[in-house]
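One structure below.
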Amino acid sequence: MEAELDLKIKEQPSRPFKLAHQIVSLTGISFERKSIIGAVELTIVPTKENLRIIRLNAKQCRVYRVLLNDVCEADFVYFDPFLDICQGDAKTRCLETFSKSHLIAAQKTDPDANCGELLIQIPPEGYHMIQEGRGLRIGIEFSLENPEGGIHFVIPPTSEDDPQPNSAHMYTHSYENSSRLWFPCVDSFADPCTWKLEFTVDKQLTAVSCGELMEVVMTPDLRRKTFHYSLNVPVCAPNIALAVGPFEIYVDPHMHEVTHFCLPQLLPLLKNTVRYLHEAFEFFEETLSTRYPFSCYKQVFVDQADADISAYATMSIASVHLLHSIAIIDQTYVSRTLMSRAVAEQFFGCFITSHHWSDTWLAKGIAEYLCGLYSRKCFGNNEYREWIQKELARVVKYEEQYGGIILDCSQPPAPLPVSGTNPAAAAAKHQEIVHFFPIKSLHTVSPKYVDAMRKKAHLVIRMLEHRIGQELLIQVFNKQLALATNAAGTKIGSGLWHHLLISTNIFIKAIFTVTGKDMSVFMDQWVRTGGHAKFSLTSVFNRKRNTIELEIRQDFVNQRGVRKYNGPLLVQLQELDGTFKHMLQIENTVVKADITCHSKSRRNKKKKIPLCTGEEVDMDLSPMDDSPVLWIRLDPEMILIRDLNIEQPDFQWQFQLRHERDVTAQFEAIKALEKYPTPATRSALTDTIESEHCFYKVRCEAAHCLTKVANQMVTQWTGPPAMLNIFRKFFGSFSAPHIIKQNNFANFQLYFLQKVIPVAMAGLRTSHGICPAEVIRFLFDLFKYNDNTRNHYSDVYYRSALVDALGNSITPVVSVVLRGTPITSDSLSTDAKLVLEEVTRLLNLEKHLPSYKYMVSVSCLKVIRKLQKCGHLPSLPKIYRCYAAYGQYLDLRIAAMECLVDFVKVDGRWEDLDHLITLLETDPDPAARHALAQLLIDNPPFTRESRSRLDRPELVERLWNNMNNQLAFDTKLRCDMVDLFYALYGIKRPLCLQSAEMNNMYKEFVREGITKKPSTVAASIPKPMPEIKTETRREEIHEEPDSKPTTTAVKRTANEAFELPDDEVVKVESHDEITVVNELIKDEVFEGEVTKLEVTHVETDNYVSETKKLKSEMFDEDENSVTIIDISETTVTRMDSSFDSSKAEGEFKQKMDASSKKKKKKDKKKHKHKHKHKHNREKDKERERREKRDPNISRLQTKEATPETLSSADSSNSNSNPPFNFHT
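Counting in the working numbering, the sequence shown runs from 244 upward without gaps.
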């Protein structure tokens, strides 16, 4: 299906016109009605004389009329398939079907395939205007009201008592190519043109948009003003943006072309946040040897933005949460990095754009790479390498969880050279990675995938840097920028505007032109193929030959996201005589290599060891064995996208931690040492924490590792709790070490260590599994003696870390509380009471003296949740609902939502899940909605495997309706909903729907049985009826005939299974409805052949109740599935399996026969039916006469009756069964 669709899209002709210029004029921007009235004019140049239909993009716009050259009115048609993605399909609820429809909808409106929502028909009187090479102006008048995506109005609630100025503002927040949501355009990255932009707003407001501000003109009534912007550099529609509000304006004192805008009263924070931005411009211009491509740059800080920062041509729209004062340390790193990335995206992403969605990896990856170079200059090489290591780990984690990321999905990789013997086997290896969403359109991919793709694109550009060298790679960038700059200065007629676009193939050619190297194989391996490599390394030292025998395995090639790697792999050995690098060629899944050592073992002789940095260090070699190798590293420069598992003795990891100068190696060593709780490990970690020469993040990680090691060594641990003496040594007073010194965060390394050590210490546990009393006292002393009066920097992050530490110290309740006993303040333990008092005090203090970003309150909410989970507090969600409500600060809302999501997962109450889904659907803040969706995806309330009482059909319907038609204008949230649907139900049809359908089917059968009056018939055997086909199940209900020749098979429908014989009178309580409760269901999966089927059997002696449970079993054979309806506990179970149905049925019958024989020994008389009835002698005689006539009927009766007999409880009275009742 998808292949056919792709073929159709490719066969479609390219757009029969070129876009030359566009005017956007928005005249009526109303904050009260949240509406926009405007017009656009596109100047197109037809490339064909027979142009009759023009397709443009426009969503949620009400189009009034279309004019050609201002004189000829044209008819138009609007069609948006996203308004109903699975059109006309009211029953399908599985992602497999939805994904196909989702991709079709995206491709039907894909501008790159000459498609669009707005179809303009040129009338016959306008044919003379269509001339090849001559411009045609298309004017469109439109309006927007209450937009649901693409443009966002922020209108804060105002009150008469509140003296705050009105900060209502609006801005566009297009998710990639989504400009169609606020004006008609050709919404493609591949169609740049020049722009003229006009915006009329109230006189107290400022309109900020792309291009250079030409003039501001007051309207005749002097109540409004119009901002005129002009952009003479061709850019594409997705890179056009707008922000309108009462902004305060700040011109950068270092670069007058750069202007910053913020909301009222935030100017002091703005000045501090942007004070180093000019350095980023200078760095990029110097690195790329190219001037900034535009004439100006504007940065607007707005509220409720769903992304931290978004780059557009000549401007960026950033979140107000990036602003910070000079006293804040932690946020500086984040804000400076994000703002520098937005500047890098001006070069690649806004000026040079991609040919197609499959080429966006290049613009994203190059911008991220340039941002990394700037971060290395700003924050140092250690920070940069640690960032690369984290990016790599996140990509690996995503790929192993969801599948490989294919950066360029437009064409498959070239097939590898194949031997003529078995070409099919090699071809089979190139199977396409299947995700639960289509990756061929931006409007169908998961936001998580887009984020991971950006990271992977950056890593691939870095790999290229190592292949061809940084200098040559920068030359390739410079060449593209030079061609684009030259093209930007020409008119459309020159035909050079295609140089403003970049694609994978263009990039390969550019590398070949500059370096002479063909990178096609590299691109096939890492760009057009998804997945990463995964290596396991083991080594053995051969003393006789003085060699180290390495074995590198790729055992996980069949694992999701992992693929086999062929190519070079660098192995780095640190020996006694220095560092030696060896390049191995990896061709198979197992590679063995013998590497001759350059040194000989001398563990008793002390000598300075030369390291790879050139320095020589003294080492204590006593723990060494015969091997002269101190440690081994694989791919130390991270030039592959890989996951590593290196096995070496603990002393080698300790050497690596102490003496390796590369921070990534130290992080690897710390992670490995968690498994070696020995005094030597304790010593190595302690020395690392104390060493001022170590990178601060390594020291922090070592502190967390020491906690884990100490907890494993709790019985052998001597001295005070881990890290207590270190903390007192660094931060305690000289005269009284238990009292902390006044805060002084001038040394940033010590500041981060001071934050981390209390959190790590709070994780310490005694042999009884509780936090040591000495640590608890230490934590409360930190709160008690915290003094920030003489500190230049804020201690808000430090206080937040102390609250986190309190949370870490909480352990589950030890005493057994009687079930049902309410938790009171008296039942709280002393430590829990102290923690609760401190948290309450801080929360109340925050209401009057809020900290930066409410950081302390965020930590307090998480501690309260921890107290609830450990049984110290009653588990109630009310406090989180209050903090999650609209109007609270975003970070506080997200923390409360996180607690609510965890609460729903643990306690599983429907009203709480319903509250979260309502928030997700209706919250006015798009940032909060997206954050909540991510929390639910990462920590779903239930999964397909774990059956839950929250798994209800109404939840399926709500999510499905959101995905299918209610989020047509919000691509990001719609794809979030798809991710959530997958997290809950997988790609198959939800099990609760299958259960509900079977329940409904049963209700219908029973209702028919109740409403139908019993009538007398001659025999107790139901008559054969035709098979029933149910549309909802799309399966046939039938029984397979027995293989024995003497038995004739009768097909019985489910109706007949519950139909009453006419010779029986049944007492039924008069209930109008029968409700079947959807209780917990035990799921079983049958693999291969079924060898055992259990049939519930109730002993007659134990039967006490007057009511009798009805149990019926239906075998529903559709290929390999069996459905069992068990009404005994009002439970319906569905089990998917693959087994030999005839064999299972045979064994099933044998079991039932065996059980019936036992019954006959126990009970002399046996009834062939299970209902209560009154005997009628005449009818009994008539039945006996019929049985004598046809012996087959008798046999059949026995076979039919046996399972019913086994499935029901028999009365001790042999003549009659007790009455049964249907209970609602």
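No residue lacks a Cβ here, since even glycine has one placed at the ideal position from N, Cα and C.
Practice task
If I'm right that I1000 touches A946 with Cβ under 8 Å, what's the distance once you round it to whole angstroms?
Solution key: The Cβ separation is near 5 Å, so the contact holds.
Handout entry: 6 Å Cβ shell around D893 - same chain, five flanking residues per side excluded
Key = Contacts found: Y919.
Exercise for the section: My understanding is that R380 touches N293, with C-beta atoms under 8 Å, so please give their C-beta distance in whole angstroms. Expected result: The beta-carbon separation of R380 and N293, rounded to 20 Å, does not stay under the 8 Å limit for a contact.
Exercise for the section: Return yes when the Cβ of E284 is within less than 9 Å of the Cβ of I383, no when it is not. Expected result: Yes, these two residues count as a Cβ contact at 9 Å.
Problem - Beta-carbon spacing of K777, V814 below 9 Å - result: Not in contact: K777 and V814 (Cβ atoms no closer than 9 Å).
Problem - Cβ-based neighbour list, F1185, same chain, cut-off 7 Å, excluding 5 preceding and 5 following - result: Excluding its 5 nearest sequence neighbours in each direction, F1185 has C-beta neighbours in its own chain below 7 Å: S1191, L1193, D1194, L1227, listed in chain order.
Problem - Span separating the alpha-carbon of P463 from that of N475 - result: Distance between P463 and N475, taken at the CA atoms: about 29 Å.
Problem - Between the CA atoms of G1006 and L387 - distance to the nearest angstrom - result: For the pair L387 and G1006, the Cα-to-Cα distance works out to about 55 Å.
Exercise for the section: Would you grab the beta carbon distance between A486 and Y414 for me? Rounded to a whole angstrom, and I think it's under 8 Å. Expected result: That belief holds up - the Cβ atoms of A486 and Y414 are roughly 4 Å apart, short of 8 Å.
Handout entry: DSSP state of T1165 mapped onto helix, strand, coil
Key = DSSP, read as helix, strand or coil, puts T1165 in helix.
Exercise for the section: Measure the C-alpha to C-alpha separation of I1180 and G1229 and round it to an integer number of angstroms. Expected result: The straight-line gap from Cα to Cα measures roughly 12 Å.
Exercise for the section: State whether the region 586-600 contacts the region 718-736, with contact taken as three or more CB pairs (one from each stretch) at a distance under 8 Å. Expected result: The region 586-600, when compared against the region 718-736, does touch it at the 8 Å Cβ threshold.
Exercise for the section: Please classify S865: is it buried, with 16 or more other beta-carbons within 10 angstroms of its beta-carbon, or exposed? Expected result: Counting Cβ neighbours within 10 Å, S865 comes out exposed, since fewer than 16 surround it.
Problem - Where N1205 sits in the DSSP three-state scheme - result: For N1205, the three-state secondary structure derived from DSSP is helix.
Practice task
Measuring alpha carbon to alpha carbon, tell me which of P259, I754, L635 ends up nearest G774.
Solution key: Sorting P259, I754, L635 by C-alpha distance to the C-alpha of G774 places L635 at the top.
Exercise for the section: Quick one: measure Cβ to Cβ for T1054 and C1103, integer angstroms, because I've assumed they're closer than 8 Å. Expected result: Contact doesn't hold; Cβ gap of about 19 Å is too wide.
Practice task
With 9 Å as the threshold, decide whether the Cβ of L465 is near any Cβ in chain B.
Solution key: The question asks about chain B, but that chain is absent: this structure has only one protein chain.
Exercise for the section: Count the C-beta pairs between the region 331-348 and the region 273-287 that are closer than 8 Å, then say yes if the count reaches three, no if not. Expected result: The answer is no - the region 273-287 does not touch the region 331-348, with fewer than three Cβ pairs under 8 Å.
Problem - Sequence-distant residues of its chain with Cβ nearer than 6 Å to T907 (five each side left out) - result: Residues of the same chain with a CB within less than 6 Å of the CB of T907, apart from the 5 flanking positions on each side, are R628, Q632 in chain order.
Practice task
Using alpha carbons as the reference points, say which of S473, V1082, Y1245, P1183 lies closest to S1043.
Solution key: Ranking S473, V1082, Y1245, P1183 by Cα distance to S1043 puts V1082 first.
Problem - Member of I328, S737, R885, T580 whose CA lies at the smallest distance from the CA of V800 - result: Per the Cα distances, R885.
Handout entry: Contact set for L262: own chain, Cβ-Cβ below 7 Å, skip 5 residues either direction
Key = Closer than 7 Å at Cβ, skipping near neighbours: L285, I287, V429, D434, C436.
Practice task
Quickly, what does DSSP pair G488 with across the bridge? List them, please.
Solution key: DSSP, once it has assigned bridges, lists T449 as partnering G488.
Handout entry: Assigned secondary structure, I347 (DSSP; H/G/I helix, E/B strand, else coil)
Key = Looking at I347 - three-state DSSP - the assignment turns out to be helix.
Practice task
Rounded to whole angstroms, what's the CA-CA distance from F1224 to V1149? Just pull it up for me.
Solution key: Those two C-alpha atoms are separated by around 19 Å.
Problem - DSSP three-state assignment for A1211, whether helix, strand or coil - result: In the structure shown, A1211 sits in coil (DSSP, three-state: anything other than H, G, I, E or B).
Practice task
Let me know the secondary structure DSSP gives E375 once reduced to three states.
Solution key: Annotated three-state conformation of E375 is coil, per DSSP.
Exercise for the section: Run the CB neighbour count on N1205, radius 10 Å, all protein chains shown included, and call it buried at 16 or more, exposed below. Expected result: When all chains shown are included, N1205 counts as buried.
Exercise for the section: Would you mind working out which of V267, H1158, A411 sits nearest P1120, comparing C-alpha positions? Expected result: Per the Cα distances, H1158.
Handout entry: Whole-angstrom C-beta distance between P489 and Q447, which should lie under 8 Å
Key = Contact between Q447 and P489 is confirmed by a C-beta separation of about 6 Å, below the 8 Å threshold.
Problem - Spatial distance of P354 from S583 (CA atoms) - result: P354 and S583 have their C-alpha atoms spaced approximately 31 Å apart.
Handout entry: CB of R298 within 9 Å of CB of I347, strictly
Key = Between R298 and I347, the gap from beta carbon to beta carbon reaches 9 Å or more.
Problem - Spatial distance of F974 from G615 (CA atoms) - result: Using only the alpha carbons, I get a separation of about 34 Å.
Handout entry: Residue span of the alpha helix (DSSP H) that contains W874, given as start and end
Key = Segment 872-877 is the beta strand (DSSP E) holding W874; no alpha helix (DSSP H) there.
Handout entry: Pair within 9 Å by beta-carbon distance, A587 and I483
Key = Taking 9 Å as the Cβ cut-off, A587 and I483 do not qualify as a contacting pair.
Practice task
To the nearest angstrom, report how far apart H499 and K514 are at their CA atoms.
Solution key: CA-CA distance, H499 to K514, rounds to 14 Å.
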